[in-house]
Amino acid sequence: MKVVLKKMYENMTIGEFSKVLSSSSPAPGGGGAAALTAALAASLTSMVFNLTIGKKVYEDYDDSIKELIKESLAKMEEAKDEFITYIDKDGAAFLEIINAFKMPKDTEEAIQLRSKAIAKGYENAAKVPMELIEKTNKIYEMISVACEYGNKFAVSDAGCAAILAHSVIEIAVLNIGINLSGIKDEAIKNKLEEESQKLLQQSKNNKNDIVYVVNKILGI
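Mapped onto UniProt numbering, the consecutive letters of the sequence shown carry residue numbers 1 to 220.
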């Protein structure tokens, strides 16, 4: 069963999204909130770059550093837009499970088809946060560039971006965990669990490294 991705939440205002998030509807939920948070982390990093380009500190850098900053900004803008799409991807994955549970079970064949669809739905619902983890982990590289070469008056924002990024990954790990019980394929289940835990630790290390540098710059 394939759910066609529709922009259910992507074009909402902050107020509209907050309202639907707080409602009795089970989606959007933590996954959608995590995707939005990832977009905010990317946006904060972009802000640091935009507050750097054209300033004296930027003009004093050699061309290779200037190019690195510009490339990092472009990557963050691309990442921001992609993270926003995961708000809807997460909702669509949840809807796939709901639709699978609604499938008929009046014959043995229907029961088997329904069972397979449910298991596949849980598998897809776990893969969406796994993708979000992988993509979020990649932005630490650009956050580090912002921390090292960005406007020092905005270095705390780079630290905030790192903290937000790690919270995204913590949430995504929880969302993988809640879907594992519905996955029948043990190999897929074990791979998702092991890989998510490995990337969680990697994220923690990256976040701590960036926050340490930020605190050192701030003198705290």
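Glycine included, every Cβ here is placed at the ideal spot set by N, Cα and C.
Per DSSP, the unbroken alpha helix (DSSP H) holding A165 starts and ends at V155 to L180. Shown here, A27 sits in coil according to DSSP, grouped into three states, outside any helix or strand. N137 is positioned such that its CB atom lies closer than 8 Å to that of I169.
Distance from D90 to V48 at the Cβ level is roughly 27 Å; contact not present, criterion being Cβ atoms closer than 8 Å. Minimum Cα-Cα distance from L51 among the listed residues V155, A161, K184 and I183 corresponds to V155. The alpha helix (DSSP H) runs lying completely inside the segment 55-89 and spanning 4 residues or more are 56-59, given in chain order. According to the DSSP assignment, K207 belongs to the alpha helix (DSSP H) that extends over E186 to L218. By the criterion of at least three beta-carbon pairs nearer than 8 Å, the segment 168-186 is in contact with the segment 29-41. Look at T52 here: in three-state DSSP terms it is coil, with no helix or strand label. Burial state of D88 is buried, judged by a 10 Å Cβ sphere holding 16 or more other Cβ atoms. In this structure, the straight-line span from the alpha carbon of A165 to that of I65 is close to 24 Å.
Distance from the CA atom of S203 to the CA atom of Q197, rounded to whole angstroms, is 10 Å. Burial is judged here by how many other beta carbons sit within 10 angstroms of a residue's own beta carbon; P28 has at least 16 and is buried. Counting along the chain, the unbroken alpha helix (DSSP H) around Y140 starts and ends at Y140 to Y149. With contacts defined by Cβ atoms closer than 8 Å, E123 and I210 do not form a contacting pair. Restricting attention to L44, K19 and F17, the CA atom closest to the CA of C147 is found in L44.
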